[in-house]
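K.L.:
This is the structure, below, for whatever I ask next.
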Amino acid sequence: MEMVNEIKKLVDAKKEAFLHAGDLVWEYAEIGFKEFQSAKALTDVLKAEGFAVEEGVAGIPTAFVASWGEGKPIIGLLGEYDALPALKHAAGDPVESSEIVSENGHGCGHNLLGAGALGAAVAIKDYMQAHGLKGTIRYYGCPGEEFGSGKMFMARAGLFDDLDAAFTWHGGAYNAITADHSLANLCAYFKFKGRTSHAAGSPHLGRSALDACELMNVGCNYLREHILPDERIHYAYTDVGGSAPNVVQDHACVFYYVRSPRLYQVLDLYERVKDVARGAALMTGTQLEIVLNDGLCDYVPNDTLSKLLYESFCEAGGPKFSEEEKALAAEFAKTFDPAAVADKARTLAAHFGPEVAEKYKDQILVEDIFPYHASDMISSGSTDVGDVSYCAPTAQMNVSTWALCTTGHTWQVTAQSGSNIGRTGTVKAAEVLALASIKAMQNPELLEKAKEEWKKTTGGKYVCPVTDDVQPAL
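What follows is the structure in C-alpha cells.
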C-alpha cells in the first residue's frame with residue numbers, strides 16, 4: 001500500500017490545479033472542435049508542469065498531445081472536454097429549469113474526464129521524477145467525442161501507434177471497469193436535389209427532395225427487420241426544404257447514424273442504407289449526394305489491462321462522498337423519471353448480476369466498486385475510444401460522479417458534473433489512472449501480454465472507418 005498512499009498524496013498535492021481546470025472547462029461548455037478555451041485550460045496546467053505540448057494535431061486546432069519523459073514504455077491517458085448543445089444548467093442545482101435552454105452544457109461530464117486524466121498525468125510525472133522511473137507519459141487532448149469522432153482522426157494520423165497501453169475513464173453512476181464492447185458507427189448526410197414547382201398549379205413539374213427523404217426513411221424502417229439485433233439506424237432532418245406547403249421542395253437533407261457491433265459489419269450495413277437512398281432518388285426523380293461525415297470503430301476492451309485497472313481501483317478504494325454530497329444527490333434522485341430508474345435497475349442486473357442490482361437498488365451515491373469480469377456484451381452506444389483500442393491495448397473505467405440512475409445527456413448530469421459530487425469522483429479517477437499507469441510502466445511482462453491479447457482481438461492493425469478525403473467537421 002506504500003505506492004498507493006504515495007500516489008494519493010501526489011494527486012492531493014495538485015488537485016486544486018486540475019479541479020480548477022475542470023471547473024473552467026465546465027464553465028466554457030464548448031462543443032466539439034470549438035473547445036479553444038477548454039483545451040487551453042488543460043494545456044496551461046500541463047505546460048506549467050513541464051510537459052512538452054504539441055497543439056493542433058491531426059488537423060484539429062483543439063486537439064493536442066502532451067508528453068513527459070522519454071523512451072519506452074509509453075503510456076497514454078485520454079482526456080475529453082467537449083460539451084453538448086442545449087444542456088446548460090446551474091452547478092449543483094437539483095431544480096429543473098422551466099425555460100427552454102439553448103446554451104451548451106456538460107451533459108456527459110467531459111469536464112471531469114479531462115480533469116481526472118490531467119490529475120493522473122501530473123501525478124505520474126511526479127512519481128517518475130521521485131523514483132527515476134524510465135518511460136513516457138502522454139496526455140491526449142481529444143476533442144469532439146460527442147459529434148466529430150476526434151480520436152478517429154487522431155488515430156488515422158498515427159498518434160496512438162507507438163503506445164504500449166492506453167487508459168481512460170468516464171463519469172457515471174457507479175464504479176466499474178468498462179468491460180462491454182461498443183458499436184462501430186458511420187455518420188453520413190444524404191442530400192437530395194429536386195425541382196421546385198407550384199404544388200397545386202403544376203405539381204407534375206416538381207421533383208420533391210423532401211419526398212425522397214421520406215421514402216429513404218420508410219425504406220430504412222423496413223430494413224430494420226433484416227439487420228443484426230444489435231445494429232441500429234437513426235436519422236434526423238437537417239434540411240426540410242422550406243416551410244411553404246404549396247412549393248415543391250427542391251432540396252432536403254437527412255443525417256444518418258448507422259451502427260453495428262464490428263467495423264466490417266457497419267461498412268456492410270452502410271452500403272445497404274446507401275442503396276435505399278439511391279432507390280428513393282430513383283423513385284422521386286431527384287439527384288442524390290452522400291457526404292460521409294465521420295465514423296468510429298467498435299471498442300475492444302483489453303482484458304489484461306482491465307484486470308490491472310480493476311486491481312488498482314480496488315487498492316485505491318472507491319470515492320468517499322460527504323454527507324452534504326449525499327444529501328444533494330438525494331435531491332437529484334427526486335427528479336428522475338421512474339421509467340429511467342427501472343431501466344437502470346435492469347441494466348445493473350444485466351451487467352453485474354441480480355445480487356448487485358438488489359444490493360444497490362436503494363442507494364443514491366455508490367462508493368463500492370462493482371466486480372469485474374470479461375464480457376462479450378455489446379453496449380448500445382458508440383465511442384471513439386474504440387479507434388484507440390484498435391491502435392493499442394486499451395482499458396477504461398466508470399467512476400461515480402453522479403447519483404445512481406442518473407441518465408446521460410441530461411441537465412442532471414450537467415448540474416452534478418459542476419458540483420462537489422463530480423469533483424470527488426474526479427480525484428478518485430486521477431488516483432486510479434495514475435496507479436494503473438505506474439504499475440504498467442514497471443511491468444514489461446504484463447505489457448507484452450496485453451499486446452499479444454490486443455493482436456488476437458483486433459488483428460493488430462488499425463483500419464480507419466472513413467476514407468482519406470473525409471476531414472474533421474471544423
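According to our numbering, the sequence shown holds residues 1 to 474 in order.
Where is the CB? At the ideal position from N, CA and C, for every residue including glycine.
Give me the Cα-Cα distance between G242 and E315, rounded to the nearest whole angstrom.
P.N.:
By one-based count along the sequence shown, residue 242 stands at place 242. By one-based count along the sequence shown, residue 315 stands at place 315. Looking at the two C-alpha atoms, the distance is approximately 60 Å.
K.L.:
Roughly how many whole angstroms lie between the Cα atoms of A339 and F332?
P.N.:
Walking along the sequence shown from the start, residue 339 turns up at place 339. Walking along the sequence shown from the start, residue 332 turns up at place 332. Straight-line Cα distance between these residues: approximately 15 Å.
K.L.:
In whole angstroms, give me the CA-to-CA distance for P73 and E448.
P.N.:
Sequence index remark: in the sequence shown, residue 73 carries index 73 (1-based). Sequence index remark: in the sequence shown, residue 448 carries index 448 (1-based). Distance between the alpha carbons of P73 and E448: 11 Å.
K.L.:
Within a Cβ cutoff of 8 Å, which residues of the same chain sit near I60, ignoring the five residues on either side of it in sequence?
P.N.:
Your numbering for residue 60 matches position 60 in the sequence shown. Once the five neighbours on either side are set aside, the close Cβ partners of I60 are F33, P143, G144, G150, F153, M154, P472 and L474.
K.L.:
Report yes or no: do three or more beta-carbon pairs, one from the region 427–434 and one from the region 324–331, lie closer than 8 Å?
P.N.:
In short, these stretches do not touch, since the Cβ pair count stays below three.
K.L.:
Would you mind reading off the limits of the alpha helix (DSSP H) that contains N221?
P.N.:
If you number the sequence shown from 1, residue 221 lands on position 221. Here the alpha helix (DSSP H) through N221 covers A209 to L223.
K.L.:
May I ask you to report which of helix, strand or coil DSSP gives I177?
P.N.:
Residue numbering aside, residue 177 sits at position 177 when the sequence shown is read from its first letter. Looking at I177 - three-state DSSP - the assignment turns out to be strand.
K.L.:
Is the number of C-beta pairs between the region 94–102 and the region 64–82 that are closer than 8 Å three or more?
P.N.:
The answer is no - the region 64–82 does not touch the region 94–102, with fewer than three Cβ pairs under 8 Å.
K.L.:
Specify whether the region 253–262 and the region 177–191 touch according to this definition: at least 3 beta carbon pairs, one from each stretch, less than 8 Å apart.
P.N.:
These segments touch.
K.L.:
For G172 and K88, I'd like the C-alpha separation in whole angstroms.
P.N.:
The sequence position of residue 172 within the sequence shown is 172, counting from 1. The sequence position of residue 88 within the sequence shown is 88, counting from 1. Looking at the two C-alpha atoms, the distance is approximately 18 Å.
K.L.:
Ends of the beta strand (DSSP E) at R259?
P.N.:
In the sequence shown, counting from the first residue as 1, residue 259 sits at position 259. Per DSSP, R259 belongs to the beta strand (DSSP E) from H251 to S260.
K.L.:
With H, G and I counted as helix, E and B as strand and the rest as coil, what does DSSP make of A402?
P.N.:
Indexing the sequence shown from 1 puts residue 402 at position 402. Before going further, note that residue 402 is Trp rather than Ala in the sequence given. Looking at W402 - three-state DSSP - the assignment turns out to be coil, as it is neither helix nor strand.
K.L.:
Buried or exposed: V273, going by 16 or more other Cβ atoms within 10 Å of its Cβ?
P.N.:
Taking the sequence shown and counting its residues from 1, one reaches residue 273 at position 273. Burial call: buried.
K.L.:
Any idea which residues DSSP pairs D509 with across the strands?
P.N.:
For the chain, the structure presents residues 1 to 474; residue 509 sits outside this window and is missing.
K.L.:
Look at the alpha carbon of D362 and the alpha carbon of V65, and state the distance between them as a whole number of angstroms.
P.N.:
Position 362 of the sequence shown, counted from the first residue, corresponds to residue 362. Position 65 of the sequence shown, counted from the first residue, corresponds to residue 65. So the alpha carbons of these two residues sit roughly 42 Å apart.
K.L.:
Looking only at its own chain, which residues have a Cβ that is under 6 Å from the Cβ of Y28, when we skip the five neighbours before and after it?
P.N.:
Residue numbering aside, residue 28 sits at position 28 when the sequence shown is read from its first letter. So the qualifying residues of the chain are Q37 and S38.
K.L.:
Identify the residues that DSSP records as bridge partners of D268: which are they?
P.N.:
Position 268 of the sequence shown, counted from the first residue, corresponds to residue 268. In the DSSP output, where bridge partners are listed per residue, D268 has none listed.
K.L.:
Decide if the region 275–294 is in contact with the region 257–265; the criterion is three or more beta carbon pairs, one per stretch, under 8 Å apart.
P.N.:
The region 275–294 is not in contact with the region 257–265.
K.L.:
Check whether the region 461–471 and the region 293–306 are in contact - that is, three or more C-beta pairs closer than 8 Å.
P.N.:
The region 461–471 vs the region 293–306: in contact.
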